[in-house]
Each structure stands twice: as structure tokens, then as C-alpha cells.
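Quick notes on the structure that follows.
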Amino acid sequence: MIKSQKISFFAKLKGFLELARPKQWIKNLFVFAALVFAGHAFDEDYLQKTTLAFLLFCLISACVYILNDIVDVNKDRAHPKKRTRPIASGIITPKEAVVFLIILLPFSLAASFKVDFFLGIVILVYFLNNLLYSLVVKHWVILDVMSIALGFLLRVIGGALVIKVYISPWILLCTLLLSLFLGFSKRRNELTVLQEDADSHRKILKEYSLEFIDNMLSIVTASTVMAYSLYTFSSNSENYYMMATIPFVLYGIFRYQYIIYQKQEGGSPEETVLSDVPLMINILLWVVTSIIILYFI
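Per the working numbering, the very first residue in the sequence shown carries number 12; after that it's consecutive.
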């Protein structure tokens, strides 16, 4: 039980900001996939619409994180890292978090539908998927990770719909496989960090084992590399220079596996990416190389 304590205004303000988890908004960069691969990255109108979609996904993501923290507050208090979150630590009360959610959620949805009807539908589905995950699906083995993967797919689809462009099925497949890779990596980290207390923090973890997750990771890793490679081979463009980006994808996946197995990290993909310099440099090189190939060759 968290003891009552006097919290300053600035501590509260910081708590509300942390409740929205801005560090995790890096996941919403998937919204820009359609913009880049459709060849409109330097088109001001398309860029503005996609950036707006990105911000809307950040708002709805904040709603999801607030909801998760409200639902999981007791479990978070028993977690070695999550116990420092605003609600679990007592900086923000559950009632204050509910009020924040009641204000932010309608605004996010209304703004999404105002920008684009179909984007609004996607963002609504995104929230409902996360709501079902928080209440039900997170207790279903395998489907819990697939639900997380669906969130990444919806980001890519939303980015395509807001600028009305075609998105290659290969991009959707690669996104699905990569997000499954990240999801199973997260589960593995939870098993490793929490050990014998794993199922008390997240009940679904009793359905997983390191051996089972390692098998799943082997499948999605190989599938991701194959899918991305086939995409570069069958690119709509007449050249095959995108094949030059395959080494970056290989290194990125191998580096992430190194982080998972050797450093025993990877529980938070966004923190892993932002804290690992070689991985950040590799992603930047992949982005730059892809843009040069797609736009200047």
C-alpha cells in the first residue's frame, strides 16, 4: 500500500507526462513507412498529414498506457522496474489517472476522425485492440503477442490511409514478423528478469518457457529475414538496389538478439533502441541508404 504523501505541482505534472510514456512513442514511427516507401517523403502535404497521424497515434498510445497502468497497478508495484511508474509509486492516484483518460481519449478519437474518417477507424480499432488486450487477450498464450503485433500493423495501415497511397503486402508482412520478434523478445526478457516470480506478475508467463520462446524467435527471425529479402528482390522499381539494405536488417536482428541473450535486456524495445548506440547507428544507416535508393537511384 502506498502511503499518502504531499506531491508538488511539478511532480504531478511530471507524473502525468510519464504516465503517457513519451519514450514509447518511438513505436509510432511505423506510421511513416507508407510515406517513405510510396515515394512521398519530400512531399510537404503528404509529410504534414503523416506527421499529424503520428501525433494522433501518440495521443491514443498515451491513452492505452494510462489504461494499462490503471489495470496493472498492483502488479506493477511488485515489479522491480515498473514499481517506479507514476500510479504504482503513488505520484498519480488511480482516480486522477481515470480523469486524465476520460479527457484524453475522446479528444484523441474526435481529432482522428476529423483529420480522416478511415484514419479514425484505424485508431479506434487500435484502441479497442489494446483494450481487449488489457482485459482479456493478455491472458491468452501466443494471441497476446499477436495482439501486440496487430498494433504495429495498424500503425502502418493508418499511415497509408491518411495519405491515400498503396502499401506493399511485403511491407505489412515484414512489419508483422518484426513485431512478433519484438513481442516474443519482450516475453523472454520478462521470464529472465522475473524468474520464479514471473507468473505472479503476469499470469500468461506460466504458459511460456525459455525453450518455447526461443523456438518462436528462431521461426520469426528466419521468416523476417526471408520476407524482407524477397521484398527487395520483388520491388516494384526496376532496379534491385534495395538488396543492399539486407545487411543492415541482418545486423539489426543479430544485434537485438545479442542484447536479449547476452545482456538479458529487450523488455522494452523502445528503450533498447534508444540506449544501444550500435543499433541506433545501424537503423540510421538503413534509413539513409533506403532513402537514397528509393529517391535518388
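We put the beta carbon where it would ideally sit given N, CA and C, even for glycine.
Scanning its chain for C-beta atoms nearer than 6 Å, with the 5 sequence neighbours on each side dropped, one finds around Q275 the residues T203, in chain order. Of the residues assessed, D83 falls on the buried side of the cut-off, its CB having 16 or more other CB atoms within 10 angstroms. Counting other Cβ atoms within 10 Å of its Cβ, I113 stays below 16 and is therefore classed as exposed. For P289, the enclosing alpha helix (DSSP H) covers residues V288 to F307.
Just measuring C-alpha positions, the residue of K92, I81 and V47 sitting nearest I98 is I81.
Taking the C-beta atoms as reference points, L188 is found nearer than 9 Å to T235. Contact between G170 and A45 holds: their C-beta atoms lie close to 4 Å from each other, under 8 Å. The three-state secondary structure of I230, taken from DSSP, is helix.
No Cβ-Cβ contact shorter than 9 Å links I134 with I77.
In this structure I294 touches V284 by the C-beta definition: roughly 7 Å separates them, less than 8 Å. Note that the C-beta distance between W297 and T243 is not below 9 Å. Scanning its chain for C-beta atoms nearer than 6 Å, with the 5 sequence neighbours on each side dropped, one finds around V260 the residues Y239, in chain order.
Contact annotation: N39 and C69 have beta-carbon atoms nearer than 9 Å.
The stretch 112–192 is shown to contain whole alpha helix (DSSP H) runs of 4 or more residues at 128–146 and 154–174, in chain order.
Shown here, Q59 sits in a helix according to DSSP, grouped into three states.
Secondary structure of D83 (DSSP, three-state): coil. Under the DSSP assignment, A89 falls outside any alpha helix (DSSP H); it carries neither an H nor an E label. Distance from the CA of F65 to the CA of V136, rounded to the nearest whole angstrom, comes to 16 Å.
Collapsing the DSSP output to three states places G263 in a helix.
Going by DSSP, G26 is part of the alpha helix (DSSP H) stretching over F20 to L30. Within the same chain, Cβ atoms closer than 6 Å to the Cβ of A31 are found at A73, the five residues on either side in sequence being excluded. For I270, the closest alpha carbon among the candidates V288, M254 and M253 is that of V288. When rounded, the separation of the alpha-carbon atoms in F129 and I153 is 29 Å. Secondary structure of I102 (DSSP, three-state): coil. In the DSSP assignment, V47 falls within the unbroken alpha helix (DSSP H) covering A44 to F48. Take S245, set aside five residues on each side of it, and the residues of its chain with a beta-carbon closer than 8 Å to its own are W181, in chain order. Measuring C-alpha to C-alpha distances from S123 to each of R96, V173 and Y219 identifies V173 as the nearest.
The beta carbons of Y252 and I308 sit closer together than 9 Å.
Non-local C-beta neighbours of F41 in its own chain, meaning closer than 6 Å and more than five positions away in sequence, comprise F163, R166 and V167, ordered along the chain. In terms of CA proximity to L139, S158 leads the group S158, K217 and L305.
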